[in-house]
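A.B. asks: In UniProt numbering, the protein residues as written are 1 to 76. Glycine included, C-beta positions come from ideal geometry on N, C-alpha and C. None of these values were measured; they are calculated from a predicted model.
1. Select from 40, 27, 39 and 73 the residue whose C-alpha is nearest the C-alpha of residue 56.
2. Taking the alpha-carbon positions, what's the residue 34 to residue 40 distance?
3. For residue 71 and residue 54, which I take to be in contact (beta-carbon distance under 8 Å), what is that distance rounded to the nearest angstrom?
4. Roughly how far, in whole angstroms, is the beta-carbon of residue 52 from the beta-carbon of residue 43, given that I think they are within contact range, below 8 Å?
Rendered as structure tokens:
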């Protein structure tokens, strides 16, 4: 696997990452006010583990969740 960094000033190079953080902010973080950093980190971890990976459908993955996409790839 080769790690690739986007070029400076090219927002399309990291569109998937940008979309993830937008979804995280809109769907979770903007709804709460956190008293501590630990609360915020726990909220992010719960979002990823309990919703984003197992249940949230992604058009880029053929309207499958990341977990379903990974399982489908492993079956091939």
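C.D. replies: With the structure as the only source:
1. 27
2. 6 Å
3. Not confirmed; about 11 Å, so no contact.
4. At roughly 12 Å, the Cβ-Cβ gap does not stay under 8 Å, so residue 52 and residue 43 are not in contact.
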